[in-house]
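The numbering of the sequence shown is full-length UniProt numbering, which starts it at 1 and goes up by one. We put the beta carbon where it would ideally sit given N, CA and C, even for glycine. Predicted, not measured: the structure shown is a model, and the values here were computed from it. Have a look at the structure below before the remarks.
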Amino acid sequence: MNVVVVESPAKAKTINKYLGSGYKVLASFGHVRDLPAKDGSVLPDQDFEMLWEVDSASQKRMKDIADALKGSDGLFLATDPDREGEAISWHVLDLLKKKKLIGDKPVKRVVFNAITKKAVLDAMANPRDIDVPLVDAYLARRALDYLVGFNLSPVLWRKLPGARSAGRVQSVALRLVCDRESEIERFVSEEYWNLSALLRTPRGDEFEARLVSADGKRLQARSVKNGEDATRLKTLLEGAAYAVDTVEAKPVKRNPGPPFTTSTLQQAASSNLGFNASRTMQVAQKLYEGVDIGGETVGLITYMRTDGVQMAPEAIEAARAAIVDQFGNRYLPEKPRFYSTKAKNAQEAHEAIRPTDFNRTPDQVRRYLDADQVRLYELIWKRGIASQMASAEIERTTVEILADNKGEKAGLRAVGSVVRFDGFLGAYVDQREEGEKRDDDDEDGRLPEINAREKLDKRKVDASQHFTEPPPRYSEASLIKKMEELGIGRPSTYAATLKTLSDRDYVTVDKRRLVPQAKGRLVTAFLESFFTKYVEYDFTADLEEKLDRISAGELDWKQVLREFWQDFFGQIEDTKELRVTNVLDALNEALAPLVFPKREDGSDPRICQVCGTGNLSLKLGKYGAFVGCSNYPDCNFTRQLSSEGGAEAEASGLNEPKELGADPHTGEQLTVRSGRFGPYVQRGEGKEAKRSSLPKGWKVEDIDHEKALALINLPRDVGKHPESGKMISAGLGRYGPFLLHDGSYANLETIEDVFSIGLNRAVTVLAEKQSKGPGGGRGTPAALKDLGAHPDGGSITVRDGKYGPYVNWGKINATLPKAMDPQQVTMEQALALIVEKGGKASSGKAKPKKAAAKSSSDKTAAAPKAKAPAKAKAPAKAAAKAPAKASSTAKKTAPKEKKTGT
Numbered sequence: 001m002n003v004v005v006v007e008s009p010a011k012a013k014t015i016n017k018y019l020g021s022g023y024k025v026l027a028s029f030g031h032v033r034d035l036p037a038k039d040g041s042v043l044p045d046q047d048f049e050m051l052w053e054v055d056s057a058s059q060k061r062m063k064d065i066a067d068a069l070k071g072s073d074g075l076f077l078a079t080d081p082d083r084e085g086e087a088i089s090w091h092v093l094d095l096l097k098k099k100k101l102i103g104d105k106p107v108k109r110v111v112f113n114a115i116t117k118k119a120v121l122d123a124m125a126n127p128r129d130i131d132v133p134l135v136d137a138y139l140a141r142r143a144l145d146y147l148v149g150f151n152l153s154p155v156l157w158r159k160l161p162g163a164r165s166a167g168r169v170q171s172v173a174l175r176l177v178c179d180r181e182s183e184i185e186r187f188v189s190e191e192y193w194n195l196s197a198l199l200r201t202p203r204g205d206e207f208e209a210r211l212v213s214a215d216g217k218r219l220q221a222r223s224v225k226n227g228e229d230a231t232r233l234k235t236l237l238e239g240a241a242y243a244v245d246t247v248e249a250k251p252v253k254r255n256p257g258p259p260f261t262t263s264t265l266q267q268a269a270s271s272n273l274g275f276n277a278s279r280t281m282q283v284a285q286k287l288y289e290g291v292d293i294g295g296e297t298v299g300l301i302t303y304m305r306t307d308g309v310q311m312a313p314e315a316i317e318a319a320r321a322a323i324v325d326q327f328g329n330r331y332l333p334e335k336p337r338f339y340s341t342k343a344k345n346a347q348e349a350h351e352a353i354r355p356t357d358f359n360r361t362p363d364q365v366r367r368y369l370d371a372d373q374v375r376l377y378e379l380i381w382k383r384g385i386a387s388q389m390a391s392a393e394i395e396r397t398t399v400e401i402l403a404d405n406k407g408e409k410a411g412l413r414a415v416g417s418v419v420r421f422d423g424f425l426g427a428y429v430d431q432r433e434e435g436e437k438r439d440d441d442d443e444d445g446r447l448p449e450i451n452a453r454e455k456l457d458k459r460k461v462d463a464s465q466h467f468t469e470p471p472p473r474y475s476e477a478s479l480i481k482k483m484e485e486l487g488i489g490r491p492s493t494y495a496a497t498l499k500t501l502s503d504r505d506y507v508t509v510d511k512r513r514l515v516p517q518a519k520g521r522l523v524t525a526f527l528e529s530f531f532t533k534y535v536e537y538d539f540t541a542d543l544e545e546k547l548d549r550i551s552a553g554e555l556d557w558k559q560v561l562r563e564f565w566q567d568f569f570g571q572i573e574d575t576k577e578l579r580v581t582n583v584l585d586a587l588n589e590a591l592a593p594l595v596f597p598k599r600e601d602g603s604d605p606r607i608c609q610v611c612g613t614g615n616l617s618l619k620l621g622k623y624g625a626f627v628g629c630s631n632y633p634d635c636n637f638t639r640q641l642s643s644e645g646g647a648e649a650e651a652s653g654l655n656e657p658k659e660l661g662a663d664p665h666t667g668e669q670l671t672v673r674s675g676r677f678g679p680y681v682q683r684g685e686g687k688e689a690k691r692s693s694l695p696k697g698w699k700v701e702d703i704d705h706e707k708a709l710a711l712i713n714l715p716r717d718v719g720k721h722p723e724s725g726k727m728i729s730a731g732l733g734r735y736g737p738f739l740l741h742d743g744s745y746a747n748l749e750t751i752e753d754v755f756s757i758g759l760n761r762a763v764t765v766l767a768e769k770q771s772k773g774p775g776g777g778r779g780t781p782a783a784l785k786d787l788g789a790h791p792d793g794g795s796i797t798v799r800d801g802k803y804g805p806y807v808n809w810g811k812i813n814a815t816l817p818k819a820m821d822p823q824q825v826t827m828e829q830a831l832a833l834i835v836e837k838g839g840k841a842s843s844g845k846a847k848p849k850k851a852a853a854k855s856s857s858d859k860t861a862a863a864p865k866a867k868a869p870a871k872a873k874a875p876a877k878a879a880a881k882a883p884a885k886a887s888s889t890a891k892k893t894a895p896k897e898k899k900t901g902t
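Rendered as structure tokens:
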């Protein structure tokens, strides 16, 4: 018996059927080990030694593989055919070697681009060894991403409170979104006019022609700049006689595009189906791994992480046969079509995404798939088969017309297109997103019969006013396209990168467009000001090219890391002396349109409108940045920094406090204001002023003296409890409206209950809460996912609570961002949330409930934080440092692991 290791259980089940009883197919469930999410997992001072860790779930799966291998004849590593798949195979093999389970057993690597019986059996018959350069490229990429993330993110936390993280590709993608927003803010709209005439032929057919020349000059797009010129030209056209000068009919061929790559599939699925990148990859993964069709599990598409645009020769032949069968001989070109990609740094190591069988039409598989799977499979099938179909034949007719008004002449043009043969358009037509342009010929509609030299009657002349528009914000599809053009990232990373930007609240999606949030723009401005090189597009693309050269065996991966780390570490060291005032000055300048939006009255947007003398500037608080006055505390004006640059607050009139009248008990003025956390009510001025945020659902325009007074005087005494004699009060807290009695809280349903609840109802609510016991009868929620041990001991779990899913470690509960799937949370993300909540490792702020579990057999002792040589000196190999003491709760530790050859 032979053991075969694949990545997913779905693939394992299908492949086991193909191979039969002589094989046992097991799933690794993706990566079996990773770099621990803490400092010291990559050691630059020790020539970039990498310390790997196996989590508890992977440890069990590796045990299953190890147990199966003990009585086997050999091992086949059949993970995905890309860099990540190669790395998983290397990790599995390295762990098995450490357990001394390989011995003299043969180990082979097999790859297949599709999960079909033929593809799998062909791959098993043609095994190879693990591709060491491909593994080296993975190690280099993983180390780079780790070094950037774990060294740059802490700089952000220290210098830019509220920032979440930075990443090698993530930060550059965010810069693209923010740069486009800056373009939009700087854009100055220009007026222009279009003129056209509705004309009629001698046969009574009408058509429209556009003005293209006047006054002996050719008019370019937007040449007519104002209404005065438009009126003069309209007068000329209204009094002119019209005659056809020339009619030219020109045949045009439009060729199909190549089959899908990962990025073009994500773009097309966004434009045609409305899928985001993550959804596209989820559905494609299922189509690749296999669907039960008539009792047989079959992979419907080839591997979906690729930047190759070519199909295998046998697939081209199958597509050509399907074209004849489905469309007819005329739709089959004389020769097969071959494609090459234009994307920067494309590897083209794998096939494009295509159906595994072109004879399996969308209609035939429709009943076996869910709605999204059908739509995506149909898109892939149509694009794949269209790529081998005949060109569309279009007749493009251009009519030049002369207009003569008593010697004043003008030229007009009418253009029409007729599809004489649809060719590949019979299978696939591209959809375009709003604002997107396409270079190839578009159909302009059919023109009537028009002959040269014949006279035309004027029916109507139109002059329409227009204004130039700023470039559109990126959609997920257009951002992916731009990243691919620049050579930033890789197809397999695009969906994850976009999801990270959303999870970090750096961008939001509005009408399918990516809108940078204030937090994201602050991070980008900071990095552009102090880490310019590392968010440059060319630098990131050049680094990607080096990674590709490593995978081709042309560069040494350690040397690439040394060169990167020397400059990067020096830049990190330089920021230690960076003062907050330097940061604020740079951000005020870089984000002026966001921080200081223009005012309608034309006054200086940097002067405080409340006190009239103070200067407005960015301020950094615990929860992020806001705009405040330099005269604080005498002037306590603040404004929340939003993606709309404060325009929202100014429009609501809250740049100045809105007076509501005096408090009858204290005589102090009640006002409603806008702060960095939203609108609030305030009584009095200065440090002693009392404030209360507006409850959810309350609008600024509805706040009057009575509501403000009731809100500012919370908590409110309801009455004394009949049994204890102690006061019951109602108030508004961090988690909403509540009752308080003798140190015990009970939630109220609405804010109105706070003001209206009576004593009897209050006693009942408190009794109901007490009857449910601690936690309101909920108890501790069961863990949705166990992420493993925290570096300081104790387990980290994901749980579902009353207010949504959260990460738990000891007494620390950190709520997950809305967009984050609880089942997809990684250890790295969990640790970041815990740190943000206040649970820093070894900080003493939080203690785990239980002692740490026994260390995994593959887990190494925590290593000291790496330090690099001075910026001017090249990093050299340092003697290995002694590891720090292991956690006192750990019984054993294994020696550090190093990357080994295979």
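- It is roughly 55 Å from the alpha-carbon of Gly733 to the alpha-carbon of Val365.
- Under the DSSP assignment, Ser56 falls in the alpha helix (DSSP H) whose first and last residues are 56-70.
- Boundaries of the beta strand (DSSP E) harbouring Phe207: 206-214, taken from the DSSP string.
- Scanning the region 786-846 for uninterrupted beta strand (DSSP E) segments of 3 residues or longer gives 795-801, 804-809, 812-815, listed from N- to C-terminal end.
- In the DSSP assignment, Met281 forms no beta bridge with any residue.
- Of the candidates Val509, Arg200, Arg186, Ala321, the residue whose Cα lies closest to the Cα of Gly384 is Ala321.
- Annotation for Arg200: no alpha helix (DSSP H) segment contains it, though the beta strand (DSSP E) segment containing it runs 191-200.
- In the structure shown, the three-state DSSP call for Cys608 is coil.
- Residue pairing from DSSP places Leu402 in a beta bridge opposite Ala243, Gly411.
- For Thr297, the enclosing beta strand (DSSP E) stretches over residues 296-298.
- At least 8 Å separates the beta-carbon of Glu7 from that of Thr116.
- In the displayed model, Ile301 falls within a strand according to three-state DSSP.
- Within the same chain, Pro256, Pro258, Pro259 come within 6 Å of Ser387 by CB-CB distance, once the 5 residues on both sides are set aside.
- With contacts defined by Cβ atoms closer than 8 Å, Phe539 and Thr575 do not form a contacting pair.
- Straight-line spacing of the CA atoms in Asp145 and Gly628 works out to 36 Å.
- In the structure shown, Gln364 falls within a helical segment according to DSSP collapsed to helix, strand and coil.
- When DSSP states are grouped into helix, strand and coil, Thr532 belongs to the helix group.
- At a Cβ-Cβ threshold of 8 Å, Ser56 and Asp792 do not count as neighbours.
- Unbroken alpha helix (DSSP H) stretches of 4 residues or longer found wholly inside the UniProt domain "Toprim" (1-116): 9-19, 56-70, 83-98, given in chain order.
- Under the DSSP definition of a beta bridge, Glu395 partners with Pro251, Val418.
- Note on geometry: alpha-carbon atoms of Asp357 and Leu332 lie some 18 Å from one another.
- If you compare the alpha carbons of Asp422, Gly743, Asp742 with that of Arg330, the shortest gap goes to Asp422.
- Between the C-alpha atoms of Ala371 and Glu296 there is a straight-line separation of about 20 Å.
- Using a Cβ distance threshold of 8 Å, Leu587 and Leu616 do not count as a contacting pair.
- Each residue's CA atom was taken as its position, placing Ala495 and Gly489 some 11 Å apart.
- Leu711 is a Cβ neighbour of Ser692, given a cutoff of 8 Å.
- About 12 Å separates the beta carbons of Val177 and Pro471, which is beyond the 8 Å limit, so they are not a contact pair.
- For Gln669, the pairing in a beta bridge is given by DSSP as Ala662.
- Contact fails between the region 59-69 and the region 115-132, because fewer than three Cβ pairs, one in each stretch, are under 8 Å apart.
- With a 10 Å radius around the Cβ and a threshold of 16 neighbouring Cβ atoms, Asn151 comes out buried.
- Between the region 180-192 and the region 70-84, the count of C-beta pairs closer than 8 Å stays below three; the two stretches do not touch.
- For Leu514, the enclosing beta strand (DSSP E) stretches over residues 513-516.
- Exposed is the label assigned to Asn226, since fewer than 16 other Cβ atoms lie within 10 Å of its Cβ.
- The region 216-232 and the region 555-571 do not touch, with fewer than 3 CB-CB distances between them shorter than 8 Å.
- When secondary structure is reduced to three states using DSSP, Tyr138 falls in the helix class.
- Shown here, Ile488 sits in coil according to DSSP, grouped into three states, outside any helix or strand.
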